[in-house]
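The next block holds one structure in the form of structure tokens; read it before the comments.
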Amino acid sequence: MRVSAGERAANYGILVFFALLALAPVGTILVTALSPETPADAEAGGPLHWENFARAWEQGRFGEYLQNSVMVALVVVTLATVLSVMSGYAFGTFTFPGSQVLFYVFLLGIMVPAEAIVVPLFFDLRYLGLTDTIWAIALPQVAQSVAFGTFWMRAWFRGANRSLVEAARIDGAGHHRVLWQVLVPVARPALVTMVLLMFMWTWNEFLIPLVMSPSGQLRTAPLGLALFQGQYVQGTTLLAAGAVMVALPVVVLYLILQRHFIAGMLSGAVRE
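Quick note on numbering: UniProt numbering labels position 2 of the sequence shown as 2, and the sequence is numbered without any gaps.
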């Protein structure tokens, strides 16, 4: 089917319009973050006030909060990725008694919201002495991420090329070698997409770190931004600078992995 020049121009026009509509809030925040905070700053000259980021970093203690977020994200993404790959491989390639029922139990982690279980979970973790530790923040998010990761990787493994597995079997490879040396390298787009989504959800999580660290010793970046907002309600410039710093790691990671992410979205989730 051939598309005329007019139709092509209309399609691009619509895409550009919606792209600008989506990017307008981001541009507003960036412009606000680089605006003068006080009239004295405006009189000092310079169209871009990069010192706002340094002020927000120091006054909002974003260095500490970002470090906590990085530690939590590393624990959650690492554990959830390994467990999701193994469980997805088991559900996607094996048939055993109760596999369907057990798979639906895994899916409960996607369907049940965190708000429904966070209070009893807090008391359980407090009984174990884990509150105000990185494990109290990370383990509930690992469970949530594994539920999604199992669903995601099961769909990919069920549609994987069986000839690769059969060739590896003929060469004497066991399940461990077939999974990690044959299938996982081929599943890179789906894995990258899963890792990026897990990182984004973990980085932006607000409720679990708030509840599981009642003393505030392990505030993550979103919690720090909310606290900063309470302190600087009128200082929209510093607040915008803090918001940019909190969102920047996710944006940078997406830009680095963009090609694999798009490939995984197009193919990794439609192999059911």
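Even glycine gets a Cβ: it sits at the ideal position worked out from N, Cα and C.
Predicted model only: the values in this text are computed from it and were never measured.
For Val76, the closest of Met212, Ala221, Thr202 and Gln217 by C-alpha to C-alpha distance is Thr202. Thr131 sits away from Pro222, with the two beta carbons spaced by 8 Å or more.
Taken atom to atom, the span from the alpha-carbon of Leu34 to that of Met245 is near 13 Å. In the DSSP annotation of this structure, the continuous segment of the alpha helix (DSSP H) that includes Leu210 starts and ends at Leu207 to Met212. A direct Cα-to-Cα measurement between Trp152 and Ala240 gives close to 35 Å. Remark: three or more beta-carbon pairs, one from each stretch, lie closer than 8 Å, so the region 182-190 and the region 147-161 are flagged as touching. Residue environment analysis places Met111 among the exposed positions, since fewer than 16 neighbouring C-beta atoms fall within 10 angstroms of its C-beta. A direct Cα-Cα distance of roughly 36 Å separates Pro140 from Phe18.
Minimum Cα-Cα distance from Val105 among the listed residues Val165, Leu15, Gln144 and Ala226 corresponds to Gln144.
Ile208 is classed as buried because its beta carbon has at least 16 other beta carbons within 10 Å across all chains shown. Met212 is positioned such that its CB atom lies closer than 8 Å to that of Phe122. The C-beta separation of Tyr65 from Thr237 comes to about 19 Å, leaving the pair out of contact by the 8 Å criterion. By alpha-carbon distance to Ile256, the top candidate from Phe228, Thr193, Thr78 and Gly172 is Thr193. Taking 8 Å as the cut-off, the beta carbon of Ile137 is found closer than this to the beta carbon of Leu218.
Inclusion of Ala80 and Val146 in the CB contact set at 8 Å is warranted, their separation being smaller than that value. Within a 10 Å sphere around the beta-carbon of Thr95 sit fewer than 16 other beta-carbons, which makes this residue exposed.
Of the residues assessed, His176 falls on the exposed side of the cut-off, its CB having fewer than 16 other CB atoms within 10 angstroms. With a beta-carbon spacing of about 20 Å, Met71 and Gly149 fall beyond the 8 Å limit used to define contacts. Here Thr32 has Thr236, Thr237 and Ala240 as same chain residues with Cβ atoms under 7 Å from its own Cβ, once five neighbours each way along the sequence are excluded.
Here the alpha carbons of Leu248 and Gly129 stand approximately 34 Å from one another. Here the C-alpha atom of Gly88 lies approximately 19 Å from the C-alpha atom of Ala263.
Fully contained in the region 178-255 are the following alpha helix (DSSP H) runs of length 4 or more, in chain order: 188-204, 207-212 and 221-231. When the Cα atoms are used, Gly109 and Val165 turn out to be separated by approximately 30 Å. Phe53 places its beta carbon 8 Å or farther from that of Gly224.
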